[in-house]
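Take a look at the structure set out below.
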Amino acid sequence: MALQLTRPVLRSQPRLLAAAQFLPTLMFATVAAALVELTLLRLLSRVAIHIPDVPALRGVYSAAVQAGTVTFPVAALLAAALVTVAAMAMLPRAPILAIPALALLGAQAALLVAGESALGTAAHQWLLAVALLAVLFYSTSRRMALFVAGVGVAQAAGLAQAASANLAAEGGRALPLSVAGAGESLLLVTLLAAPVLVGPRRWSRRDVIAGGVVALIGAGMLFGNASTARTLALWTFGLGMPLPALLYAITAGAMAATLIALLRTGAIERAGALTLIVLGGFVPPNSYQAGLLLAGVMLLVLEQPRGPATTD
Amino acid sequence: MKWSKPAVLLVGALVIAGALAGLTGVRTATSQAVTLKAVAVADKPELNPDWATWVKIPSVDVQLTNQAVTYPKGGGTVPAVSLKAVHHENTLYIRASWKDQTENVPSIDMAAFTDAVALEFPGKSAVSVPSFCMGQPGSGVNIWQWKADAQAGAGSAALAKLYPNGYADSSGFPEELTKAALYQPAFGLGNPVARTDAAVQTLVAQAFGTLSAAAAQDATGAGMWRNGEWSVVFTRPFSAADGDQAEFAAGKNTNLAVAVWDGANGDRAGQKNVSQFVTLQLSGELVKAKSEDWGALWFGAILGGVLVVLGLAALGWAGVAGTAKERA
Chain Y
1 MALQLTRPVL
11 RSQPRLLAAA
21 QFLPTLMFAT
31 VAAALVELTL
41 LRLLSRVAIH
51 IPDVPALRGV
61 YSAAVQAGTV
71 TFPVAALLAA
81 ALVTVAAMAM
91 LPRAPILAIP
101 ALALLGAQAA
111 LLVAGESALG
121 TAAHQWLLAV
131 ALLAVLFYST
141 SRRMALFVAG
151 VGVAQAAGLA
161 QAASANLAAE
171 GGRALPLSVA
181 GAGESLLLVT
191 LLAAPVLVGP
201 RRWSRRDVIA
211 GGVVALIGAG
221 MLFGNASTAR
231 TLALWTFGLG
241 MPLPALLYAI
251 TAGAMAATLI
261 ALLRTGAIER
271 AGALTLIVLG
281 GFVPPNSYQA
291 GLLLAGVMLL
301 VLEQPRGPAT
311 TD
Chain G
1 MKWSKPAVLL
11 VGALVIAGAL
21 AGLTGVRTAT
31 SQAVTLKAVA
41 VADKPELNPD
51 WATWVKIPSV
61 DVQLTNQAVT
71 YPKGGGTVPA
81 VSLKAVHHEN
91 TLYIRASWKD
101 QTENVPSIDM
111 AAFTDAVALE
121 FPGKSAVSVP
131 SFCMGQPGSG
141 VNIWQWKADA
151 QAGAGSAALA
161 KLYPNGYADS
171 SGFPEELTKA
181 ALYQPAFGLG
191 NPVARTDAAV
201 QTLVAQAFGT
211 LSAAAAQDAT
221 GAGMWRNGEW
231 SVVFTRPFSA
241 ADGDQAEFAA
251 GKNTNLAVAV
261 WDGANGDRAG
271 QKNVSQFVTL
281 QLSGELVKAK
291 SEDWGALWFG
301 AILGGVLVVL
311 GLAALGWAGV
321 AGTAKERA
């Protein structure tokens, strides 16, 4: 049985259905802004020490980092808007499934106004886990449901550990870091299976070669300058890397091949959704990346045709 | 990909609003990092890692990684540090503890390096949250560094311990002269590195290569090594002596990062174990005993999550079943 456990479209809510027309433009803008922010702020500013101390280069570097600093709030607002519109697009068919996402946005707004607190952050992490798991029930195909379940359960494990660490500030006991390690391992396996679960039916040799090149570059970075690559993986994508480095390089190659194949076959929405999931990282360290992750997962299931349930 | 005009207008408005927020420093996202909560205590804390009340204070584990951004790179032997924090009469106390099987104190031998720990906060005058890698121009950081060798004192006793068979064939200068600034210029000029009466240095920085002693050395601390674990307590009044240093207030949040040096691993300078910023929440509430009911709370939270997901599934299934019935 497929996991189409959602309500039928309600014809009395045309305004909510109209929200879907905003999705492609918002998604493209969010992906673009997040990629710029990732390149300038989360990567370039962290390897600045490797830039030669030449005034012209330093000037370019400073300008680039400043541009990244301005891009960050742009991407954060776009991500929040994308989650809002995706939830509204989900409302007519599955109002219950959209509620956790809307509640998460409310929690983000409350944290912005009231400031971070241990309990507030733990609540936000719990809501994100529930919202990710709820999206699973919107999936129409078994393969898509498997992918969304893998991402959702993996993130939920990591988020539970992170939330417990925050609750420890109130006197609780933190879950062991191995729980997050297990979640990261499951996420890696899920992303490794992305070509089969969310990739196109037809592949070209160029897709595979491109994925292989990315895997080789990743392996070169992880084995050539392991400390920098591992630090960037942790700080940028939240990956503690408990598994062998080679597996991470192969996963990067599999994801790259999937994205390129999707773009080649014209499945731009699905490629954009997958990119957002990657940019969100594992156990997002801030509400902005949480928005990217949730938006990516929601778009992945919204992108599917809403016909009768399929089992692939 | 279909682009509608209203969608393009919405994106344009969001880009402008975001850019304005970026230029004016308005926050659009919140940190999801671990939060260290500093509660108020009625009794004045002692500058002692064994102070009885620390047992009642919840601890937060902060992950560390090797420092890999600037030379000398390295570290990686200390995976985590445990933090506790309290405040009393506008003074902050933070206790850091971490596993370290070897106690490395003296560093006067060329090949020996001392164990140390440092806390980093955004400076009071920082216009935005600084980079935890020593800050950046305009957004500096304030660092309190405790060193085991500074606490022990690097005087003749340490020398005698290092070279037990050493022999001095000259008595040198009279003692009253050796204490004079003329013969100890660094000490005489107030160079904090030459101080032998302080285990903690107060430092400020606004980027790599700008680390220097703060104008006021007002952070203090004390550490203890026992059974393969270091425990160090830092303290400083809330109010900063100058704009480069951190400022604290009950009811307000700031950020905190930690660095740990493992002397046995040859850690020194940039070769260390570092964390990213965590949130430091200065709560106004008084300390209470640790709750023992968190197991039940966790069970309730997990059960609640499962029930929510099952409820969603049931409601969704009912919708599908209803549709099938209508079709039939």
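One line per chain: the protein sequences are Y and G, in this order. According to this note's numbering, the first sequence is numbered sequentially starting from 1. According to this note's numbering, the second sequence is numbered sequentially starting from 1. Note that beta-carbon positions come from the ideal geometry of N, C-alpha and C, so glycine has one too.
Asked, Found
"Closer than 9 Å at the beta carbon, the chain Y residues around G:Gly18", "Ala33, Val70, Thr71, Phe72, Pro73, Val74, Ala75, Ala76, Leu77 and Leu78"
"Outcome for G:Val55 when other beta-carbon atoms lying within 10 angstroms are tallied against a minimum of 16", "exposed"
"Which of helix, strand or coil DSSP assigns to G:Pro122", "strand"
"Host alpha helix (DSSP H) of G:Lys5 (start-end)", "Lys5 to Thr24"
"Residue interval of the alpha helix (DSSP H) (run including Y:Leu248)", "Here residue 248 of chain Y turns out to be Tyr, not Leu, going by the sequence shown. Run containing Y:Tyr248: Ala245 to Arg264, per the alpha helix (DSSP H) assignment."
"Cα-Cα separation, Y:Ser139 to Y:Ala256", "23 Å"
"Sub-7 Å separation of Y:Ala118 and G:Thr70 beta-carbons", "no"
"Whether Y:Thr236 touches Y:Ala194 by CB criterion (7 Å)", "no"
"C-beta atoms of Y:Ala273 and Y:Gly199 nearer than 7 Å", "no"
"Burial state of G:Met110, where buried means 16 or more other Cβ atoms lie within 10 Å", "exposed"
"Proximal chain G residues relative to Y:Ser141, where beta-carbon distance stays under 9 Å", "Within chain G, no residue comes near Y:Ser141; the closest Cβ sits about 15 Å away, beyond 9 Å."
"Contact belief for G:Leu119 with G:Val258 at Cβ below 8 Å, rounded distance in angstroms", "6 Å"
"Interfacial residues, the region 22-44 of chain G to chain Y, with Cβ spacing under 8 Å", "Gly22, Leu23, Val26, Arg27, Thr28, Ala29, Thr30, Ser31, Gln32, Ala33, Val34, Thr35, Leu36 and Lys37"
"Beta-carbon proximity check, Y:Thr25 vs G:Val11, cutoff 7 Å", "yes"
"Cβ contact check for the region 30-50 of chain G and the region 130-137 of chain Y: 3 or more pairs under 8 Å", "no"
"Residue range of the alpha helix (DSSP H) that includes Y:Ile277", "Ile268 to Gly280"
"When Y:Pro242, Y:Leu232 and Y:Thr190 are compared against Y:Phe147, the one with the closest alpha-carbon", "Y:Thr190"
"Chain G contact for Y:Gln21 (CB, 7 Å cutoff)", "yes"
"Cβ-Cβ distance between Y:Leu280 and Y:Gln289 below 7 Å", "The sequence shown places Gly at residue 280 of chain Y, rather than the Leu named in the question. For Y:Gly280 and Y:Gln289, yes; Cβs fall inside 7 Å."
"C-alpha gap between G:Glu292 and Y:Gly172, whole angstroms", "Confidence at G:Glu292 is low in this model, with a pLDDT of 48, below 50, so its placement is unreliable and the value that follows should be read with caution. Near 8 Å, if we compare the C-alpha coordinates of Y:Gly172 and G:Glu292."
"Rounded straight-line distance, which links the Cα of G:Gln206 to that of G:Gly138", "7 Å"
"Among Y:Thr71, Y:Glu116, Y:Ile51 and Y:Gln21, the one whose alpha carbon lies nearest that of Y:Leu82", "Y:Gln21"
"Residues in the region 103-130 of chain Y having any Cβ partner in chain G nearer than 8 Å", "Gln108, Leu111, Leu112, Gly115, Glu116, Ser117, Ala118, Thr121, His124, Gln125, Trp126, Ala129 and Val130"
"Start-to-end residues for the beta strand (DSSP E) that takes in G:Pro237", "Glu229 to Pro237"
"Boundaries of the beta strand (DSSP E) in which G:Val258 is found, first to last residue", "Asn253 to Trp261"
"Rounded Cβ spacing between G:Phe238 and G:Phe132 (contact assumed at less than 8 Å)", "Contact flag wrong, Cβ pair sits at about 22 Å."
"Interfacial residues, the region 260-289 of chain Y to chain G, with Cβ spacing under 7 Å", "Ile268, Pro284, Pro285, Asn286, Ser287 and Tyr288"
"Residue ranges of each alpha helix (DSSP H) within the region 145-200 of chain Y, 4 or longer", "177-192 and 194-197"
"Alpha carbon of G:Met134 to alpha carbon of Y:Ser204, nearest angstrom", "48 Å"
"Under 7 Å between C-beta atoms of Y:Thr228 and G:Ala269", "no"
"Inter-residue spacing [alpha-carbon to alpha-carbon] between G:Ala13 and Y:Leu44", "27 Å"
"Pairwise C-alpha distance: G:Asp100 and G:Asp50", "17 Å"
"Residue range of the beta strand (DSSP E) that includes G:Gln63", "Val60 to Gln63"
"DSSP bridge partner residues for G:Ser31 (one or two, in chain order)", "Y:Asn286"
"Meets three-Cβ-pair contact criterion under 8 Å: the region 142-156 of chain G and the region 218-231 of chain G", "yes"
"Helix, strand or coil at G:Tyr183 [DSSP, three-state]", "coil"
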